[in-house]
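Engineer: At position 516 of the sequence shown (counting the first as 1) the number is 518 in this note's numbering, and the numbers step up by one without a gap. The C-beta atom is built at its ideal place from N, Cα and C for all residues, glycine as well. Computed from a predicted structure; not experimentally measured.
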Amino acid sequence: MTTAAVPPITPGQAGGFEAWAGRLAAATPNALRRIPFTITVVVATLVVGVAVRTIWEPIWRVGWFPQVAYGVPALREGKVWTLFTGWLFAITPAQYVTGVVLFAVLVGACELRLGTRRTMVTAIAGQVGGVLVASLLVWALSTTTWVWARDLAGARDVGFTTGMLTVVAVTSATLRSPWRLRVRALLWFYVTTAFLFEGTLSDVSHAVGVGVGLLVGQWRYGVEPGFGPRTPRETRMMAFGGLIVIGLTQLIVLLFPGRGPFGATTGEAGPIADVLIELALIALVANALRNGKRWAWWAALVLGLLNIAVAVLALVLIVAGQLPLGAPISLAGGLLWLGELTLLVLNRQAFRGRFKRRMPGGVGALDAGGEGMSRAKAMLETVGGSTMSWMTTWPAMRYLFTADGRGYIGYERHAGVALALADPVVPPPTIAAAVTEFATMAERGGLIPALFSVTDAAADAARAAGWRTVQIAEDTLIDLPGLEFKGKAWQDVRSALNKARKESIEFRIVTLAEQPFAILAQVRAISQEWVGDKDLPEMGFTLGGVDEALDPKVRVGIAIDATGSLHGVTSWLPVYAEGGEVRGWTLDVMRRRSDGFRSVMEFMIASACLRFREQGAEFVSLSGAPLARGDVSPAELDRTDRLLDRLGGALEPFYGFRSLHAFKAKFQPRYEPVHLAFRDEADLPRIGVALTRAYLPDATAWQLIAATRSGGHEQH
């Protein structure tokens, strides 16, 4: 049995919530001590709101509102102090609630990252500077004929949202891709759409605060250069998000009309049916842009040019003294489309995918089987590989051969994910280049790249390229030179060998394809009995079966008694060194007859170790039990580790993964970590779906649900 991933079945372990709540309770006091500025502002806001009763009634109704509210009127009247007094209020009670909650969450998180002094200075400077610049700008524009500016010049406002958004903008510079770009994109989408379709004094000050905050943050704290997307995937996500925002603005304007810089939007969006149809079309194109489709790039380009042309026409008519129907939405939408088209045109190379999602050809991908499999086997024997590399020669695999022709990466494609298995089969110095090449090819095909069950070498190369990694299992290795089953630790193994000898059970290493029909029939019967005892079907991907064991390069161990009856069967996959020599063997199939010799597994594994030692092999790998590790305290696990640890526990009743890990410990192995490498935490849900389909391609949704309810059976 080899390393497997856990299908993403939601666990229902007792005590999970209590453990989570306990960790949260333990971490809260320390976190609160690190955010004194956030706590001070939140407490002061609530105390003031309760004291003057504005937490229950709108502040604009009280007579002293002009004395504390900022804006152009306050500057005209010389009430400069309002730039500070307006912080602790909100226009309505609802804004009190949302403002306090958002401030506590956003500024609190930023204070943990930036520190108290930097956060305080940034928030105060952003609030005062943003409101002051916005007020002066509106004041200057109010001297023109722009109706919006003249109306806004008479508005007063309160709140601390400008300082809050400025802090978020500055802190975004301390994040690494892809979260840096995501936070910045959300900020820009918000301030842009709010300004274009609402255009209040707060919206103007938000735009000023965020714009300056992004520049200052990048200058002072930037951990990565530039503001734009750094990879084709980031470009696609930006284009996707921008198009969705453009579509949603139509619906928002329809449901919540307002008055923006270009005029009132009441009744401008059109019938709701037309808006919904347009939104559906935009969503279709946006999803294709996310996958890098070339046709979607052209479709978005045409839609954008049409909308910009309409906006230009509306502007011409307005200059000519006319106000065409829908002009406010056309002008605002035209500006959004202009930004979207700029992104698409400047990054057009990111959209090269064709209608069918596939890896590009050339020296790249070949379909499963056939020429690709033969070429992969030849390369593996020449270059050498890890303990799991032979699994990349199985029929379901596809291949990406490297540009230098010296190696390949085996992968399966599920749910939009290119799921590579084991380390790249390449010369060791070129692992990093192979990982980069695989990611590039996947992105061009609109796929999410992931590396599954890789060793430290490949994980280090992925981390150097900015990927994330998480340990998913431990490979169990037995070094063969000098191996002797002596001492108390080997008592179970010695007992199995002695009992088998007494019961006249013989161990043989054979090539299964060359065995007589009687042996093959028994092997298949034992395997079918094992599969039939499960609530879920036999797993695939890294878990081979009888068909894989029939390969002439694979060695099969059988336990057979004097009557010719088989008690158990194991299969061993070759582990090649550079030059074609087999340096070790990896355990794959483990099957035993339910009414056979009880300790047959211990007997067969121990016998195989002795036989391979005699043949000069360096080690055997018992492979890894999926999501099962040695003793690790919860404090040593990060959030992703803890999630995978819980999932491993959830599937324990069905496949006995942790029981298998404990069983292999009888052979006193040494452990080497096995990793999953992925570029972004946001990819994990898709990767989870892909792993489910890879391991259980024939399982129905009902089988998965029924299995989680009924439990299962252990392997041994």
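Would you be able to state if there are at least three C-beta pairs under 8 Å between the stretch 278-293 and the stretch 241-260?
Structural biologist: The stretch 241-260 vs the stretch 278-293: in contact.
Engineer: Please name the residue in G65, L85, W66 whose C-alpha comes closest to that of V74.
Structural biologist: Checking every option, the nearest Cα to that of V74 belongs to L85.
Engineer: Return yes when the Cβ of S204 is within less than 8 Å of the Cβ of R186, no when it is not.
Structural biologist: Cβ atoms of R186 and S204: not closer than 8 Å.
Engineer: Going by DSSP, what residues sit across from D563 in a beta bridge?
Structural biologist: Note: D563 sits in no beta bridge, so no partner.
Engineer: Do T404 and A436 have their C-beta atoms closer together than 8 Å?
Structural biologist: Going by C-beta atoms, T404 is nearer than 8 Å to A436.
Engineer: How many Å lie between L698 and G542 at the Cα?
Structural biologist: Distance between the alpha carbons of L698 and G542 is about 6 Å.
Engineer: In three-state terms, what does DSSP make of L698?
Structural biologist: Of the three classes helix, strand and coil, the one that applies to L698 here is coil, per DSSP.
Engineer: For R695, does the count of other Cβ atoms within 10 angstroms reach 16, so buried, or fall short, so exposed?
Structural biologist: The residue is buried, with at least 16 neighbouring Cβ atoms inside 10 Å.
Engineer: Below 8 Å, how does it come out for the stretch 207-227 and the stretch 338-345: are there three or more Cβ pairs, yes or no?
Structural biologist: Touching, no.
Engineer: Using a Cβ-Cβ cutoff of less than 8 Å, which residues in the same chain neighbour L423 once the five nearest sequence positions on both sides are dropped?
Structural biologist: Taken in chain order, the residues that qualify are M390, M393, T394, M399, G412, Y413, E414, F454, S455, F543, T544.
Engineer: Could you give the distance in angstroms between the alpha-carbon of R120 and the alpha-carbon of Q69?
Structural biologist: Going from the Cα of R120 to the Cα of Q69 covers about 30 Å.
Engineer: DSSP three-state label for F621, please.
Structural biologist: Three-state result, F621: strand.
Engineer: How long is the line joining the alpha carbons of P397 and T513, rounded to whole angstroms?
Structural biologist: The alpha-carbon atoms of P397 and T513 are separated by roughly 19 Å.
Engineer: Does DSSP put V525 in a helix, in a strand, or in coil?
Structural biologist: In the structure shown, V525 sits in a helix (DSSP, three-state: H, G or I).
Engineer: With G161 and A92 assumed to form a contact (beta carbons below 8 Å), what rounded beta-carbon distance in angstroms separates them?
Structural biologist: Going by Cβ atoms, the distance from G161 to A92 rounds to 6 Å, so yes, they are a contact pair.
Engineer: For the beta strand (DSSP E) containing R672, list its first residue and its last residue.
Structural biologist: Where R672 is concerned, the enclosing beta strand (DSSP E) stretches over 672-680.
Engineer: Short check: CB of R446 to CB of V428, under 8 Å?
Structural biologist: Not closer than 8 Å, so no.
Engineer: Could you please give the first and the last residue of the uninterrupted alpha helix (DSSP H) stretch that includes G586?
Structural biologist: Counting along the chain, G586 falls outside any alpha helix (DSSP H), though it belongs to the beta strand (DSSP E) covering 584-594.
Engineer: Tell me the DSSP secondary structure of L479 in three-state form.
Structural biologist: Strand.
Engineer: For Q493, count the other beta carbons within 10 Å of its own beta carbon; 16 or more makes it buried, fewer makes it exposed. Which is it?
Structural biologist: So Q493 counts as exposed.
Engineer: Would you report the Cα separation of V571 and R503, rounded to the nearest angstrom?
Structural biologist: Roughly 17 Å separates the two Cα atoms.
Engineer: Residues bridged to T2 by DSSP?
Structural biologist: What is shown of the chain runs 3 to 718, which leaves residue 2 out entirely.
Engineer: Going by DSSP in three states, F519 sits in which element: helix, strand or coil?
Structural biologist: F519: helix per DSSP, three-state reduction.
Engineer: Where V691 and G128 are concerned, what is the direct C-alpha to C-alpha distance, given to the nearest angstrom?
Structural biologist: Answer to the nearest angstrom: the Cα atoms are 43 Å apart.
Engineer: At what residue ranges does the stretch 33-111 contain a whole run of the alpha helix (DSSP H), taking only runs of 4 or more?
Structural biologist: As far as the stretch 33-111 is concerned, its whole alpha helix (DSSP H) runs of at least 4 residues are 38-53, 67-70, 74-78, 84-87, 95-104.
Engineer: Using 8 Å for Cβ pairs, my map puts H208 next to T163. What's the rounded Cβ distance?
Structural biologist: Their Cβ separation, rounded to whole angstroms, is 7 Å, which keeps H208 and T163 in contact under 8 Å.
Engineer: Quick check: the Cα distance between G448 and I689, rounded to an integer number of angstroms?
Structural biologist: Going from the Cα of G448 to the Cα of I689 covers about 14 Å.
Engineer: Touching or not, the stretch 518-526 and the stretch 542-561, by the rule of three or more beta carbon pairs under 8 Å?
Structural biologist: These segments touch.
Engineer: Can you tell me which residues form a DSSP beta bridge with S159?
Structural biologist: The sequence shown places Asp at residue 159, not Ser. D159 pairs with Y72.
Engineer: Can I246 and W339 be called in contact, C-beta distance under 8 Å?
Structural biologist: Not a contact, by the Cβ cut-off of 8 Å.
Engineer: Helix, strand or coil for V149? Go by DSSP, reduced to three states.
Structural biologist: If DSSP states are grouped into helix, strand and coil, V149 belongs with the helices.
Engineer: Grab me the residues of D682's own chain with a C-beta within less than 6 Å of its C-beta, minus the 5 sequence neighbours each way, in chain order.
Structural biologist: Hits under 6 Å: P180.
Engineer: Checking the sheet assignment: what are the DSSP bridge partners for E508?
Structural biologist: I562, per the DSSP bridge assignment.
Engineer: Leaving aside the five residues before and after L482 along the sequence, list all residues of the same chain whose C-beta is less than 7 Å from its C-beta, in chain order.
Structural biologist: Once the five neighbours on either side are set aside, the close Cβ partners of L482 are C611, F614, R615, A619, E620, F621, V622.
Engineer: The beta strand (DSSP E) spanning L449 covers which residue range?
Structural biologist: Element bounds for L449: n/a, residue is neither H nor E.
Engineer: If distances are taken between C-alpha atoms only, which option among G215, D590, H569, T118 comes closest to A33?
Structural biologist: Out of G215, D590, H569, T118, T118 has the C-alpha closest to the C-alpha of A33.
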